[in-house]
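>
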Amino acid sequence: MNDNLKKSDILVIGGGPSGMMAAYQAKLTFPEKRVIIVERNSEVGTKLMLSGNGRCNVSVRVSNEALIQAANGHGKFLYSTLQQFNPETLIHFFESHGCPLKEEDHHRLFPQSDRAADIRKVLLDCLDEAGVLLETGVCIEHLDAEQRIAYSSKTAYHFNHLIVATGGRSFPQTGSDGLGYQLLASVGLTVTELWPVESPLVSQHPLIQSKVLQGIALKDVELRVLGQKKTVLKHDLLFTHFGLSGPVALQASFSVQQALRIQKSVPIQLDFLPEVAEEELQYYLIHHTLDQLAKMYRLPKRLLAVLSAEPGNWGDRLKRFRMEVSDVRGFNTAFVTAGGVALNQIDPKTMKAKQFPWLSVCGEALDLNSWTGGYNLTMAFSSGYSAGVHCLAE
Ligand SMILES: Cc1cc2nc3c(=O)[nH]c(=O)nc-3n(C[C@H](O)[C@H](O)[C@H](O)COP(=O)(O)OP(=O)(O)OC[C@H]3O[C@@H](n4cnc5c(N)ncnc54)[C@H](O)[C@@H]3O)c2cc1C
507 MNDNLKKSDI LVIGGGPSGM MAAYQAKLTF PEKRVIIVER NSEVGTKLML
557 SGNGRCNVSV RVSNEALIQA ANGHGKFLYS TLQQFNPETL IHFFESHGCP
607 LKEEDHHRLF PQSDRAADIR KVLLDCLDEA GVLLETGVCI EHLDAEQRIA
657 YSSKTAYHFN HLIVATGGRS FPQTGSDGLG YQLLASVGLT VTELWPVESP
707 LVSQHPLIQS KVLQGIALKD VELRVLGQKK TVLKHDLLFT HFGLSGPVAL
757 QASFSVQQAL RIQKSVPIQL DFLPEVAEEE LQYYLIHHTL DQLAKMYRLP
807 KRLLAVLSAE PGNWGDRLKR FRMEVSDVRG FNTAFVTAGG VALNQIDPKT
857 MKAKQFPWLS VCGEALDLNS WTGGYNLTMA FSSGYSAGVH CLAE
């Protein structure tokens, strides 16, 4: 036997939110078992630390139904896991471990301290107290399903049960670069097509190309993806040098990507004043100047100055501003990966692979994606919870 062969009952690959939750729950549920979690980076939770601009938008206080609706057509898979672990249980989990959360706009939940590090600390403390063995700087490169051995370049890990929590392939510098999908495909699981989502939108519109709108940030803009399947979203928007960013643009990227598969560009329409009726706007402008309009409706003067040269009336410019989107930025910039391990191969209650009872998959490695406003992390924690609790159960 190889000297470097380490023995585990349960091996977890990936120290992101889903892997850490899975390892902790596995150890709590099966305390006598040896649980090892391996992470290729020198620290766990690299992506978690970047989340919410370092503040970690850890969850969202909405119903299970709303989480299911937001999961881009694959939400049904979440019914069972959300019954086990949902935003309410998540709040309780972090608060009972000394990390109180606060709610912000759009029901987004953050640690009261505004520090992602505090979320990671809770998870690390839990792993430590429960007695999970954590090994960092270990990249699993190969799986031998028959022998139940996971190989890194230096060490081999024997396992009775394997939980794969290797994330997606967006933001590859964080360690989730798609290698996990190769491992899972190598044992016989189907991985669906992968594409970048929660990613900024690229436009060739003259106002974008001339960069006159660059840097303008707006609260609660309504964005409609026009075309066959209409999508209407409302959230904050940022004009950039290449197109549109901010939560509403990121959220639209899934629908835009779908449309871009069949057409070269996708028309979208922006309403900068979704709460203001067009008649009210037109009436206001009869009696007031553009400066007064800017003050009244909290619109940047620069936006109004640029739009005043655009065709149409102010209703067209402010409530039906149209542009074509020609692309969505790639995996290096995208926050999330769409596609992953095909959900029909996974038991939605336990996260076990139906064909391989010794294997579970959780988190973004699954063909699941949603919005970054706390939705993706909730899915990662929730599926990680189910994977850990059920991994050894018959
Ligand atoms: C910049 C950014 C900001 C975000 N902000 C938010 C937010 O505020 N709210 C929200 O809900 N979502 C947010 N997201 C999305 C969210 O962070 C992810 O969906 C979530 O982290 C997925 O968790 P995971 O555990 O499945 O995967 P990951 O967090 O990607 O963790 C997977 C881990 O596995 C490790 N790994 C991969 N392959 C191997 C291997 N072969 N061997 C060993 N280790 C391996 C990786 O190094 C990584 O640490 C954000 C994403 C990004 C990129």
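Residues in the sequence shown are numbered consecutively from 507, following the numbering used here.
C-beta atoms are modelled at their ideal positions from N, C-alpha and C, and glycine is treated no differently.
In this text the structure is predicted, and so the values were computed from the model without any measurement.
Of all the alpha helix (DSSP H) runs that stay within the bounds of the stretch 701 to 729, which reach a length of 4 or more residues?
Here the runs fully enclosed are 712 to 715.
> Whose CA, out of Ala532, Gly752, Thr737, Arg826, lies closest to the CA of Pro780?
The candidate whose alpha carbon is nearest that of Pro780 is Arg826.
> DSSP beta-bridge partners for Ser586?
Note: Ser586 sits in no beta bridge, so no partner.
> Comparing alpha-carbon positions, which option in Met527, Ile574, His648, Leu685 lies nearest Leu596?
Answer by Cα proximity: Met527.
> Using only the alpha-carbon positions, how far apart do Thr795 and His603 sit?
Spanning the two alpha carbons is a distance of roughly 54 angstroms.
> From which residue to which residue does the beta strand (DSSP E) around Thr642 run?
That run of the beta strand (DSSP E) goes 639 to 642.
> What is the residue span of the alpha helix (DSSP H) that Phe760 lies within?
Run containing Phe760: 753 to 766, per the alpha helix (DSSP H) assignment.
> With distances taken from CA atoms, which of Ser565, Pro606, Val727 is nearest Asn592?
Checking every option, the nearest Cα to that of Asn592 belongs to Ser565.
> Tell me, which residues are paired with Gly749 by DSSP?
Partner(s): Val708.
> By how many angstroms is the C-alpha of Val697 removed from the C-alpha of Phe760?
Their backbone Cα atoms lie some 18 angstroms apart in a straight line.
> Can you give the beta carbon distance from Gly645 to Arg546, rounded, assuming they're within the 8 angstroms contact cut?
Strictly speaking, residue 645 in this sequence is Cys, with Gly absent from that position. Confirmed, Cβ separation roughly 4 angstroms.
> If you reduce the DSSP assignment to three classes, tell me which class Gln618 lands in.
Reduced to three states, the DSSP call for Gln618 is coil.
> Let me check understanding here. Comparing Cα to Cα, which of Gly879, Gly845, Tyr891, Ser876 lies closest to Ser866?
Ranking the options by Cα distance to Ser866, first place goes to Tyr891.
> Reducing DSSP to helix, strand and coil, say where Gln769 ends up.
Residue state, collapsed to three classes: coil.
> Mind checking whether the beta-carbon of Phe677 lies closer than 7 angstroms to any heavy atom of ligand 1?
Because some heavy atom of ligand 1 lies under 7 angstroms away, the Cβ of Phe677 counts as near it: yes.
> Take every Cβ of the stretch 539 to 557, pair it with every Cβ of the stretch 567 to 576, and state whether three or more of those distances are shorter than 8 angstroms.
No: fewer than three Cβ pairs fall under 8 angstroms.
> One question on the structure: do Val669 and Val782 come within less than 8 angstroms of each other, judged by their Cβ atoms?
First, the amino acid is wrong: residue 669 is Ile here, not Val. No, the pair does not count as a contact, with Cβ atoms beyond the cut-off.
> So for Leu596, helix, strand or coil by DSSP?
Leu596 falls in the helix class under three-state DSSP.
> Can you round the beta-carbon distance between Asn563 and Leu630 to whole angstroms, since I take them to be within the 8 angstroms contact cut?
In fact, because the Cβ distance is near 20 angstroms, the residues do not count as touching under 8 angstroms.
> Sort Phe841, Leu872, Gln734, Trp864 by Cα distance to Asn850 and report the nearest one.
For the residues Phe841, Leu872, Gln734, Trp864, the minimum Cα distance to Asn850 belongs to Leu872.
> By Cβ distance, which residues of its chain are closer than 6 angstroms to Thr680, with the 5 residues on each side in sequence left out?
Cβ neighbours of Thr680 beyond the five flanking positions: Thr552, Lys553.
> Let me know the secondary structure DSSP gives Cys897 once reduced to three states.
Coil.
> Between Leu554 and ligand 1, is there a pair consisting of the residue's CB and a ligand heavy atom that are separated by less than 7 angstroms?
Leu554: yes, Cβ under 7 angstroms from ligand 1.
> With a threshold of 8 angstroms, are at least 3 pairs of Cβ atoms found where one atom belongs to the stretch 738 to 748 and the other to the stretch 672 to 687?
Because the criterion of three Cβ pairs below 8 angstroms is not met, the stretch 738 to 748 and the stretch 672 to 687 do not touch.
> On the CB-based measure, 16 or more other CB atoms within 10 Å of its CB, does Ile852 come out buried or exposed?
Buried, since its Cβ has 16 or more Cβ neighbours within 10 Å.
> Between Arg546 and ligand 1, is the CB less than 7 angstroms from at least one heavy atom?
Arg546 Cβ: within cutoff of ligand 1.
> DSSP three-state call for Leu796: helix, strand or coil?
Helix, per DSSP.
> If Val703 and Asn875 are in contact, beta carbons under 8 angstroms, what's the gap, nearest whole angstrom?
Correct: roughly 6 angstroms between the Cβ atoms.
> Rounded to a whole number of angstroms, what is the C-alpha to C-alpha distance between Met507 and Ile542?
Legend: pLDDT at Met507 = 48, less than 50; position of this residue unreliable, no value from coordinates given.
> Nearest-angstrom Cα distance between Val718 and Cys897?
Whole-angstrom Cα-Cα distance: 55 angstroms.
> Just confirm the distance between the C-beta atoms of Ser751 and Pro712, as a whole number of angstroms; I'd bet it's less than 8 angstroms.
Actually they are not in contact, since the Cβ atoms of Ser751 and Pro712 sit about 19 angstroms apart, beyond 8 angstroms.
> Under the three-state reduction of DSSP, which class applies to Ser876: helix, strand or coil?
Correct three-state label for Ser876: coil.
> Between which residues of its own chain and Lys807 is the CB-CB distance below 6 angstroms, once the five residues before and five after are set aside?
Within the same chain, Lys807 has close Cβ partners Ala800.
> For a quick check, are the C-beta atoms of Ser889 and Ser524 less than 8 angstroms apart?
Yes; because the gap between Cβ atoms is below 8 angstroms, this pair is in contact.
> Could you work out which residue in Gln757, Leu883, Thr856 is closest to Tyr585 when comparing CA atoms only?
Nearest option by C-alpha distance: Thr856.
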